[in-house]
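**Student:** Just passing along the structure, written as structure tokens.
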Amino acid sequence: MLVCDIKKKLDGFSLNVNITAKPGVTALMGASGSGKSMTLRCIAGISKPDSGYISLNGVTLFDSKNKINLSPQARNTGFLFQDFALFPNMTVRQNIMAGAKKKPRQDRLKVAVELAETFHISPHLNKYPHELSGGEKQRCALARIMAGSPNILMLDEPFAALDSHLRWELELELAAAFRRFQKPVLYVSHNRDETYRLCGDIAIIDRGKNEAARDKWELFENPATVHAARLTGCKNIAAAEVRGSRIFVNDWGIDFDCDKASDDVRHIGMRANHIVPLSTADKSDVAASFPFEIVNEIEDTFTCILTVRKRGTDLPPIRWEMPKKDRAALRETPQELAFLRKRILLLS
Amino acid sequence: MDLFPLYNSLRISTIAVSAAFAAGLLAAFAAARLPRVLQGVCDTVLMIPLVLPPTVVGYFILVWLSPRSAVGAKLYDWFSLTITMRWYASVVAVAIIAFPFIYRTVRGAFDGFDRNLLDAGRTLGLSEWYIFFRILLPNCKHAILAGTVLAFARGIGEYGATSMVSGYIAGKTATVSTSVAYYWQINNEGAAMYWVVINLAVSSVFMMIINAFNKPRVRG
């Protein structure tokens, strides 16, 4: 179990992170430059927070009040760097052996061979990092970390340096490695889909400050903040005003019927794929409906993306996304669009 | 022709550059960990011998190490050791003059080094010694060797400080560079030319070695 509650002054903003991670995969999701990597660096001990407290499995790693600051060497954390940070002057075998620290040479060799097998890099044991592909580098870096049996695994955007066609297989392997690990994993990413597939709990971080980690289903169902909504992929977010049981969204020229809205709701979100034609919706589910006109149409790989707005207005467009086959059906009848009650995201 | 000056030059350079090598590595490593402002001060002070006329370095050595100076007198009293006008006075001079060449190149290599590799080593539990000798140094190998060879070549050709602190004593303190000047002054143009050619040959060899180090490589 990791407990981390730290503050650190950075260029332009302050890092103020309070996060706990149980065994299992916890994601720290935020835009680039939001302080995700710095948080990991502070936990690993290669950057020093200005104040706060970090403990791992009951061992205090950092405590500014009691002047405790364990060296990175003494923390036993596993840190997967974005560029993998393999030692260029060492072969794959030597790199993995370097991770096995104080064990006798014979044992380190055995560990290296076993881990190379686990991570499918046995044929490359005698190669140097510059001779490896991106995926092989990542496997080697993971094997090197695992050789030291760390108490926590931290990954900093593990797929950022890889071509997209390599990612899928590696993602499956990474998921398998996480299952074997059975200790806390802290996963840093800005990629919504990757995070959703790999992680259990997700903590959103914005300009150095994080929200509490939440179960991923709950987070995607009810992001609660504008930032969380945006990071979980909500494309339509607009300022909203609550008046009684109705919400007015001037940007869209629409008002909603919504009785559960509290007064601190300031924004409203609607996922692009949750907008439906009025004719397909059950009347009792509809929170708002409006006649629309198409501003623009973009064909994506598997979907059609329409930007639409209330007919006869000059308002900012709303993004509407649907599978290609549904687009074909839509051409026949001019319709009204509906926002369903249960799909509306109320955001503070 | 007596080849003692060549032997003496190589001997002086080898010892002096070895000392400058160790000091340069340590200083560069220490400087890399200092805050930016102190780094600037450190660079300025340690790089001064590069731009100072060698005679100024020679002057300071004479002032501090001659038997009439404070330190020199103590060395003589305690160890019966005279430094000036001996071949080893040149070792001191060459070490000081060669130092910035090593310091600068190594410092540049450390500065350009991927800090993630050092941090990765630390999170893997590797000791600072291991990180320095097994990760940092091997990956800066080319820059360090190039700087060392340059320092060595500079040491072989050192004249100003060497002639001040060791003079020219045939078979005792003569070096390849002081020999050229000596033979020219006594109008022995043949011998002067002989040592000029040796100087040219030695310099060419060093330049070839330096170029070999600077070849672009796939790895490193």
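Protein chains in written order, with this note's numbering: chain A, 1 to 348; chain B, 1001 to 1220.
Where a beta carbon is used, it is the ideal one built from N, C-alpha and C, also for glycine.
Would you call the CB atoms of Lys137 of chain A and Leu86 of chain A closer than 8 Å?
**Tutor:** Yes, they are a contact pair.
**Student:** Taking Cβ to Cβ, would you say Leu340 of chain A is nearer than 8 Å to Ala287 of chain A?
**Tutor:** Yes; because the gap between Cβ atoms is below 8 Å, this pair is in contact.
**Student:** Starting from the beta carbon of Ile1135 of chain B, find every residue of chain A whose beta carbon is closer than 8 Å, and list them in chain order.
**Tutor:** Going along chain A in sequence order, the residues near Ile1135 of chain B (Cβ under 8 Å) are Phe87 and Asn89.
**Student:** Using a Cβ cut-off of 9 Å, which residues of the region 1032-1046 of chain B contact any Cβ in chain A, in chain order?
**Tutor:** Answer in chain order: no residues at all.
**Student:** Taking C-beta to C-beta, are Arg207 of chain A and Ser34 of chain A nearer than 8 Å?
**Tutor:** Yes, the Cβ-Cβ distance between Arg207 of chain A and Ser34 of chain A is below 8 Å.
**Student:** If you follow the alpha helix (DSSP H) that Cys42 of chain A is part of, which residue opens it and which one closes it?
**Tutor:** That run of the alpha helix (DSSP H) goes Lys36 to Ala44.
**Student:** Can you give the beta carbon distance from Ala143 of chain A to Phe119 of chain A, rounded, assuming they're within the 8 Å contact cut?
**Tutor:** That belief holds up - the Cβ atoms of Ala143 of chain A and Phe119 of chain A are roughly 5 Å apart, short of 8 Å.
**Student:** For the region 1099-1160 of chain B, which segments carrying the beta strand (DSSP E) assignment without a break, of at least 3 residues, lie completely within its bounds, in sequence order?
**Tutor:** Runs of the beta strand (DSSP E) inside the region 1099-1160 of chain B: none found.
**Student:** By Cβ distance, which residues of its chain are closer than 6 Å to Ala338 of chain A, with the 5 residues on each side in sequence left out?
**Tutor:** Within the same chain, Ala338 of chain A has close Cβ partners Val276, Leu278, Ala281, Val286 and Ser289.
**Student:** Can you give me the C-alpha to C-alpha distance between Thr20 of chain A and Ala1028 of chain B, rounded to a whole angstrom?
**Tutor:** When rounded, the distance between both Cα atoms is 40 Å.
**Student:** Kindly indicate which three-state DSSP category Trp252 of chain A falls into: helix, strand or coil?
**Tutor:** The answer is coil: DSSP assigns Trp252 of chain A none of H, G, I, E or B.
**Student:** Along chain B, in chain order, which residues have C-beta atoms closer than 9 Å to that of Asp83 of chain A?
**Tutor:** Simply Asp1114 and Asn1116.
**Student:** Run through DSSP, which three-state label would Met1208 of chain B get?
**Tutor:** Note: Met1208 of chain B maps to helix in three-state DSSP.
**Student:** Whose C-beta lies closer than 6 Å to the C-beta of Gly1155 of chain B among residues of the same chain, with five residues either side of it excluded?
**Tutor:** Taken in chain order, the residues that qualify are Ser1013, Ala1016, Val1017, Val1094 and Ala1098.
**Student:** Within a Cβ cutoff of 7 Å, which residues of the same chain sit near Ile1102 of chain B, ignoring the five residues on either side of it in sequence?
**Tutor:** Around Ile1102 of chain B: Ala1020, Phe1021, Gly1024, Gly1147, Thr1148 and Ala1151.
**Student:** Given this structure, state the Cα-to-Cα distance separating Ala74 of chain A from Leu1124 of chain B, to the nearest angstrom.
**Tutor:** Their Cα atoms are separated by approximately 9 Å.
**Student:** Where does Asn18 of chain A sit, in a helix, a strand or coil, going by DSSP?
**Tutor:** Residue state, collapsed to three classes: strand.
**Student:** What does a CB cutoff of less than 7 Å around Ile121 of chain A pick up in its chain, not counting 5 residues either side in sequence?
**Tutor:** Counting only Cβ-Cβ distances below 7 Å, and skipping sequence neighbours, we find Val92, Glu136, Arg139, Cys140 and Ala143.
**Student:** Determine the DSSP secondary structure at Met1193 of chain B, reduced to helix, strand or coil.
**Tutor:** The answer is helix: DSSP assigns Met1193 of chain B an H, G or I state.
**Student:** Chain B beta carbons: is any one of them nearer than 8 Å to that of Ile68 of chain A?
**Tutor:** Not one chain B Cβ lies under 8 Å of Ile68 of chain A.
**Student:** If you compare alpha carbons, which of A:Ser14, A:Ala240 and A:Trp252 is closest to Cys258 of chain A?
**Tutor:** Of A:Ser14, A:Ala240 and A:Trp252, the residue nearest in Cα terms is A:Ala240.
**Student:** Please name the residues in the region 1116-1132 of chain B whose beta-carbon is closer than 9 Å to at least one beta-carbon of chain A, in chain order.
**Tutor:** From the region 1116-1132 of chain B, only Asn1116, Leu1117, Leu1118, Asp1119, Ala1120, Gly1121, Arg1122, Thr1123, Leu1124, Gly1125, Leu1126, Ser1127, Glu1128 and Tyr1130 have a Cβ closer than 9 Å to chain A.
**Student:** Who are Trp168 of chain A's beta bridge partners in DSSP?
**Tutor:** None, per the DSSP bridge assignment.
**Student:** Looking at the secondary structure, which residues open and close the alpha helix (DSSP H) in which Thr118 of chain A lies?
**Tutor:** Run containing Thr118 of chain A: Arg105 to Thr118, per the alpha helix (DSSP H) assignment.
**Student:** Can you name the residues of chain B whose CB is closer than 8 Å to the CB of Arg144 of chain A?
**Tutor:** Residues of chain B passing the Cβ test: Leu1124.
**Student:** Would you say Ile54 of chain A and Cys4 of chain A are within 8 Å of each other, going by their C-beta atoms?
**Tutor:** Cβ atoms of Ile54 of chain A and Cys4 of chain A: closer than 8 Å.
**Student:** Kindly identify the DSSP beta-bridge partner or partners of Tyr187 of chain A.
**Tutor:** Answer by DSSP bridge pairing, in chain order: A:Ala27 and A:Leu155.
**Student:** Quick test of the definition: if touching needs 3 or more C-beta pairs under 8 Å, does the region 192-207 of chain A touch the region 224-236 of chain A?
**Tutor:** Verdict: yes, contact present.
**Student:** Looking at Glu211 of chain A and Thr195 of chain A, is the spacing between their C-beta atoms short of 8 Å?
**Tutor:** No, these two residues do not count as a Cβ contact at 8 Å.
**Student:** Pick helix, strand or coil for Tyr1168 of chain B, following the three-state DSSP scheme.
**Tutor:** Coil, per DSSP.
**Student:** Give the range of the beta strand (DSSP E) segment to which Pro223 of chain A is assigned.
**Tutor:** No beta strand (DSSP E) contains Pro223 of chain A, which DSSP labels as neither H nor E.
**Student:** Against chain A, does Asn1139 of chain B count as a neighbour if the rule is that its beta carbon must be under 8 Å from one of theirs?
**Tutor:** Asn1139 of chain B counts as touching chain A.
**Student:** Per DSSP, which residues does Trp320 of chain A bridge with? Please list them.
**Tutor:** According to DSSP, which records beta bridges pairwise, Trp320 of chain A is partnered with A:Leu306.
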